[in-house]
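Here's the structure we're looking at; comments come further down.
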Amino acid sequence: YLGDGSVVPSQVKAAMAVSVPCDLSGSAKALHTLKNLPYHINFKWGLVSRLKLKQKQFPEAITKAKIKTIKTLNDFDEVYTSRAHGFKNAQDYYEKASSLQFLKSIKTPVLVLNALNDSFLSKNCYPYKEAEQNPFLYLETPAKGGHVGFISWNDYYYNEKRALDFFLECK
Numbered sequence: 016y017l018g019d020g021s022v023v024p025s026q027v028k029a030a031m032a033v034s035v036p037c038d039l040s041g042s043a044k045a046l047h048t049l050k051n052l053p054y055h056i057n058f059k060w061g062l063v064s065r066l067k068l069k070q071k072q073f074p075e076a077i078t079k080a081k082i083k084t085i086k087t088l089n090d091f092d093e094v095y096t097s098r099a100h101g102f103k104n105a106q107d108y109y110e111k112a113s114s115l116q117f118l119k120s121i122k123t124p125v126l127v128l129n130a131l132n133d134s135f136l137s138k139n140c141y142p143y144k145e146a147e148q149n150p151f152l153y154l155e156t157p158a159k160g161g162h163v164g165f166i167s168w169n170d171y172y173y174n175e176k177r178a179l180d181f182f183l184e185c186k
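Numbering (the working numbering), first residue to last: 16 to 186.
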């Protein structure tokens, strides 16, 4: 949103994104790896379960037969996500909906916090080059934090404290 050419309200002074799959295609591939199999199975099961409920509400939009073809998260994006949002297929969706392409156009301070041990993120989800070239884009890549984990020993999560600090810096 902040880099897609939309008019940004003056009240928006800064933004932060945590565990960002900047490259949806790369993240989709990462979710299909063996180390992410438990997550893959759980996510797919949840998405397909909800899709079955939607199918009952809107039987003309998607058939039971189409739902039965979904074996992976990529299949889900191919059968449902891409089509429901006007894309040709999953790859078209991954390409056009990825935030990576919009990072260079951001003109509002944005902090992207992506842990290096986030198994859902691919190499392209760490936009080092874009952050170097855009003075409004800040990339922080701590060694640990997993996917939206950032657990601390204190009564707060690191990402929460970092967000507060960043927003105060941008005030």
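Glycine is no exception: its CB is placed at the ideal position from the N, C-alpha and C atoms. Just so you know, these numbers come straight off a predicted model, no measurement behind them.
Counting along the chain, the unbroken beta strand (DSSP E) around V125 starts and ends at V125 to L128. Below 8 Å, too few C-beta pairs join the region 65 to 76 and the region 34 to 49 to call them touching: fewer than three. Under the three-state reduction of DSSP, Y141 is assigned to coil, being neither helix nor strand.
Cα atoms of K59 and K83: separation of roughly 12 Å, rounded to the nearest angstrom.
In the DSSP assignment, E155 is bridged to L128. Separation of the CB atoms of D133 and G161 is rounded to 6 Å, and the pair is thereby assigned contact status at 8 Å. Rounded to the nearest whole angstrom, the CA to CA distance from N129 to R98 is 29 Å.
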